[in-house]
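Written below as structure tokens is the structure these notes are about.
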Amino acid sequence: MIRFIRRTRRKLLESGRVSRYLAYASGEIVLVMIGILLALQVNNWNESRKNKKAELKALTDLHTEFVNNRATFQDHLHYKNEKELQWSEFIHQLSDKTLPEGTRPKRRIDPGSVTWNPSFGTLNSLLHSGNIDNLENDSLKIALTHWEGLLDDFLEDERIHLDFTRNRLSTYPVPRPLLEIDGNKRTPHYLFQD
Numbered sequence: 016m017i018r019f020i021r022r023t024r025r026k027l028l029e030s031g032r033v034s035r036y037l038a039y040a041s042g043e044i045v046l047v048m049i050g051i052l053l054a055l056q057v058n059n060w061n062e063s064r065k066n067k068k069a070e071l072k073a074l075t076d077l078h079t080e081f082v083n084n085r086a087t088f089q090d091h092l093h094y095k096n097e098k099e100l101q102w103s104e105f106i107h108q109l110s111d112k113t114l115p116e117g118t119r120p121k122r123r124i125d126p127g128s129v130t131w132n133p134s135f136g137t138l139n140s141l142l143h144s145g146n147i148d149n150l151e152n153d154s155l156k157i158a159l160t161h162w163e164g165l166l167d168d169f170l171e172d173e174r175i176h177l178d179f180t181r182n183r184l185s186t187y188p189v190p191r192p193l194l195e196i197d198g199n200k201r202t203p204h205y206l207f208q209d
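So the mapping is simple: my numbering equals the position in the sequence shown, first residue as 1, plus 15.
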């Protein structure tokens with residue numbers, strides 16, 4: 016191919032036809048430019064395909080991560096609701112003066128110190144590497160960047176609730192009847208009665 020081009024160029028220059036040579040040279044330049052543009056377009060298509068593939072993988076990983084976090088959150092919510100019911104019943108029994116003494120609670124309830132610990136490996140990787148810009152959905156990008164702040168607010172509220180439970184409710188007194196010790200009697204005699 017190169018020999019053909021050189022031979023054609025040499026013939027045109029030797030024959031003295033400069034205008035024809037200039038037309039040929041311009042055509043050659045146009046062909047080279049078209050080749051370069053085609054190569055760039057193929058490269059862009061290839062990069063676009065790679066970006067789409069990376070975006071699909073990131074979205075799939077994000078979906079899996081959020082589904083797993085949602086499942087652990089549902090378990091955590093169920094646990095918290097159970098603890099709330101137990102505490103509510105505990106406080107009700109302590110404050111109910113009509114209950115017989117034997118039915119009142121004898122011990123405190125575990126304050127429910129389990130916290131929700133979501134995993135955000137994929138999200139953090141996207142945010143900190145700058146690959147979040149590869150996502151095409153702008154509203155998803157905005158939601159993902161705001162998610163960390165919302166999660167921090169939720170976890171702070173949960174820590175406050177846990178601290179309250181530990182500091183206030185776990186110290187809630189369990190009534191223990193004061194007994195008078197009498198060596199002659201086998202049954203206890205309560206010093207204070209409601």
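Where is the CB? At the ideal position from N, CA and C, for every residue including glycine.
Distance, Cα to Cα, His-143 vs Arg-64?
Within the sequence shown, numbered from 1, the residue matching residue 143 stands at position 128. Within the sequence shown, numbered from 1, the residue matching residue 64 stands at position 49. Going by the C-alpha atoms only, they are around 23 Å apart.
In terms of residues, what are the limits of the alpha helix (DSSP H) holding Asp-167?
By 1-based counting over the sequence shown, the position of residue 167 is 152. Per DSSP, Asp-167 belongs to the alpha helix (DSSP H) from 153–182.
Under 8 Å by Cβ, that's how I've got Leu-71 and Thr-137 pegged, so tell me the actual separation to the nearest angstrom.
The residue given as residue 71 occupies position 56 in the sequence shown. The residue given as residue 137 occupies position 122 in the sequence shown. Rounded, the Cβ-Cβ distance is 13 Å, inconsistent with contact.
Out of Leu-141, Asp-111, Thr-87, state which residue places its alpha-carbon closest to the alpha-carbon of Asn-132.
Within the sequence shown, residue 132 is the residue found at index 117, counting from 1. Here the closest residue by C-alpha is Thr-87.
Whole-number beta carbon distance between Asn-149 and Asn-66, since they are thought to touch under 8 Å:
Position 51 of the sequence shown, counting from 1, holds the residue named residue 66. Position 134 of the sequence shown, counting from 1, holds the residue named residue 149. The pair is a contact, with the Cβ atoms about 6 Å apart (cut-off 8 Å).
Spatial distance of Ile-20 from Ser-140 (CA atoms):
Your numbering for residue 20 matches position 5 in the sequence shown. Your numbering for residue 140 matches position 125 in the sequence shown. When rounded, the separation of the alpha-carbon atoms in Ile-20 and Ser-140 is 53 Å.
Which term fits Trp-102, buried or exposed, when burial requires 16 or more other beta carbons within 10 angstroms of its beta carbon?
Mapped onto the sequence shown, residue 102 falls at position 87. When all chains shown are included, Trp-102 counts as buried.
Checking 8 Å against the spacing of the C-beta atoms, do Ile-41 and Glu-80 come in under that value?
The residue given as residue 41 occupies position 26 in the sequence shown. The residue given as residue 80 occupies position 65 in the sequence shown. Per the sequence shown, the amino acid found at residue 41 is Ser instead of Ile. Not closer than 8 Å, so no.
Does the Cβ of Leu-177 lie closer than 7 Å to at least one heavy atom of the ligand MG?
As far as ligands go, the structure on display features none, and thus does not contain the ligand MG.
Arg-32 in three-state terms, based on DSSP
As a first step, residue 32 must be located in the sequence shown, where it is residue number 17. Three-state result, Arg-32: coil.
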